[in-house]
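For reference, the structure is listed below as structure tokens.
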């Protein structure tokens with residue numbers, strides 16, 4: 001069947017199998033930042049933003065996003081310049097193997113889009129659906145705080 | 157669900173029901189999808205996405221709080237319409253479902269119909285004595301106690317959908333409390349307790365207490381409710397309720413939490429839940 005959606009702010013139409021899950025369709029469209037790990041909705045590495053809200057793409061049939069807006073990590077860097085959240089993750093060494101990073105950054109983006117001065121507790125709650133098995137969470141939380149600061153300065 | 161050949165996007169409940177009843181194409185409803193993606197069903201040919209059928213609404217209708225079945229847990233958790241009274245229990249229960257991305261997917265109806273042992277909203281619905289509205293070509297309303305007497309999926313008739321939940325207006329002096337005991341914040345519950353108490357001049361006029369996650373089906377604790385009814389609202393009463401529940405209830409055990417541990421939890425935690433519901437009931441009166 002034909003699936004139409006808005007993918008990273010562009011209208012996209014793609015042929016899919018009706019029983020197909022969303023990650024395989026997004027990866028076929030080149031969005032390799034959509035990582036599939038547990039496939040069970042536990043780990044958060046396949047996180048995307050659906051109409052601006054973080055969800056686990058492995059728990060969605062592709063058909064469910066018809067007509068809706070999907071954001072993947074590929075949408076964040078603009079013209080070769082990293083998004084402030086991506087910069088902050090680099091600066092704070094919040095990345096080791098990198099597998100969880102797209103999901104972490106998208107979860108952080110959803111938080112910071114609605115709240116550019118979150119408390120540590122709000123950051124931890126917002127990232128609680130994303131598992132990292134390398135760095136631990138300290139540097140990731142620091143990166144989100146630092147990104148919030150960058151975004152506040154940018155908007156000033 | 158490799159058997160799926162089509163997706164349908166009905167715009168109304170009636171259209172959804174007709175698709176589900178269509179004998180030429182075996183259909184199943186889908187909303188949040190967190191249950192459906194794990195379905196082992198090999199004969200569903202069409203998924204009927206009911207998230208665009210106008211069921212994602214929350215409104216107050218003649219004093220009843222009416223929640224549409226495709227309201228997402230995240231929206232329930234954030235809703236101001238549920239207020240500070242007993243209905244706040246729904247927001248509290250919804251805010252404890254999984255993690256944020258799960259709450260952005262899980263719907264009220266899915267959490268109730270695709271009942272899992274650890275589902276969070278059923279106990280809240282039992283404590284609030286909610287009416288469950290089911291619709292195929294006909295419409296019927298079941299009490300939460302009837303709805304959860306067997307697994308809700310076995311109770312649904314051909315083509316029938318849970319379309320909304322109606323929570324009766326709590327009388328003045330009513331408060332609710334919700335507790336979910338988990339090994340870590342995002343883990344599945346090993347014991348969930350929901351309680352609603354109506355206070356009248358220092359005594360219990362009415363009490364409803366429900367547990368889940370430690371029983372096959374969520375259930376009301378009728379013995380405890382009887383003990384509470386008419387009682388003086390004090391710590392002694394709450395302790396007696398805890399003792400009674402811890403003694404009487406047949407709870408399930410598994411590798412995460414033994415039966416004894418869950419009984420101990422129920423005995424220890426129920427008094428606090430009742431105390432909190434009572435404090436809120438007093439707050440709701442003043």
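Chains as they are written, first to last, in our numbering: chain A, 1 to 156; chain B, 157 to 442. The C-beta atom is built at its ideal place from N, Cα and C for all residues, glycine as well. Note that the structure is a prediction, hence the values are computed from the model and not measured.
List the residues of chain A that residue 255/B touches, going by C-beta distances under 7 angstroms, in chain order. 128, 129
Using a Cβ cut-off of 7 angstroms (strictly closer), state whether residue 55/A contacts chain B. yes
Quick check on residue 379/B: does DSSP put it in helix, strand or coil? helix
For residue 364/B, count neighbouring Cβ atoms within 10 angstroms of its own Cβ and tell me buried if that reaches 16, exposed if not. buried
Span of the beta strand (DSSP E), counted from its first residue to its last, around residue 71/A: 69-71
Out of curiosity, what's the CA-to-CA distance linking residue 286/B and residue 218/B? 15 angstroms
In its own chain, which residues sit with a C-beta less than 6 angstroms from the C-beta of residue 134/A, not counting the 5 before and 5 after it? 96, 97
Please report the residue range of the alpha helix (DSSP H) in which residue 86/A lies. 84-91
With 7 angstroms as the limit, tell me which residues of the segment 37-68 of chain A have their beta carbon closer than that to any beta carbon of chain B; keep them in chain order. 41, 44, 47, 53, 54, 55, 56, 59, 60, 61, 63, 64, 66
Residues of chain A with CB closer than 8 angstroms to the CB of residue 341/B, please, in chain order. 128
Nearest neighbour of residue 110/A, chosen from 5/A, 99/A, 52/A [CA to CA]: 52/A
For residue 261/B and chain A, any beta-carbon pair shorter than 7 angstroms? yes
Confirm, please, whether the CB-CB distance from residue 274/B to residue 195/B is below 7 angstroms. no
So what's residue 54/A in DSSP terms, helix, strand or just coil? strand
Environment of residue 270/B [buried if 16+ CB atoms lie within 10 Å]: buried
Using the DSSP secondary-structure output, state which residues sit across from residue 291/B in a beta bridge. 295/B, 317/B
Start-to-end residues for the alpha helix (DSSP H) that takes in residue 392/B: 391-404
Taking the beta carbon of residue 93/A as the centre, do at least 16 other beta carbons fall within 10 Å, making it buried, or is it exposed? exposed
Residue 339/B burial status per 10 Å Cβ neighbour count (16 or more: buried): exposed
Does any CB atom of chain C fall closer than 7 angstroms to the CB of residue 19/A? Here the protein chains are A and B, and chain C is not one of them.
What are the boundary residues of the beta strand (DSSP E) that includes residue 185/B? 183-186
Coarse secondary structure for residue 207/B, derived from DSSP in three states: helix
Residue environment, residue 398/B, which counts as buried when at least 16 other CB atoms sit within 10 Å: buried
If the cut is a Cβ gap below 7 angstroms, which residues of chain A does residue 190/B touch? 41, 59
Counting only the same chain and skipping the five closest in sequence on each side, list residues whose C-beta sits under 7 angstroms from that of residue 264/B. 223, 225, 227, 232, 277, 321
If you compare alpha carbons, which of 335/B, 331/B, 300/B, 416/B is closest to residue 318/B? 300/B
Along the alpha helix (DSSP H) that carries residue 109/A, what are the first and last residues, could you check? 101-114
Determine whether the beta carbon atoms of residue 25/A and residue 62/A lie at a separation below 7 angstroms. yes
Buried or exposed by the 16-neighbour rule on C-beta atoms within 10 Å, applied to residue 86/A: buried
So for residue 154/A, helix, strand or coil by DSSP? helix
Could you check how far apart the C-beta atoms of residue 252/B and residue 336/B are, in whole angstroms? I think they sit under 8 angstroms. 5 angstroms
First through last residue of the alpha helix (DSSP H) which encompasses residue 126/A: 120-126
Exposed or buried, which one is residue 306/B when buried takes at least 16 other CB atoms within 10 Å? exposed
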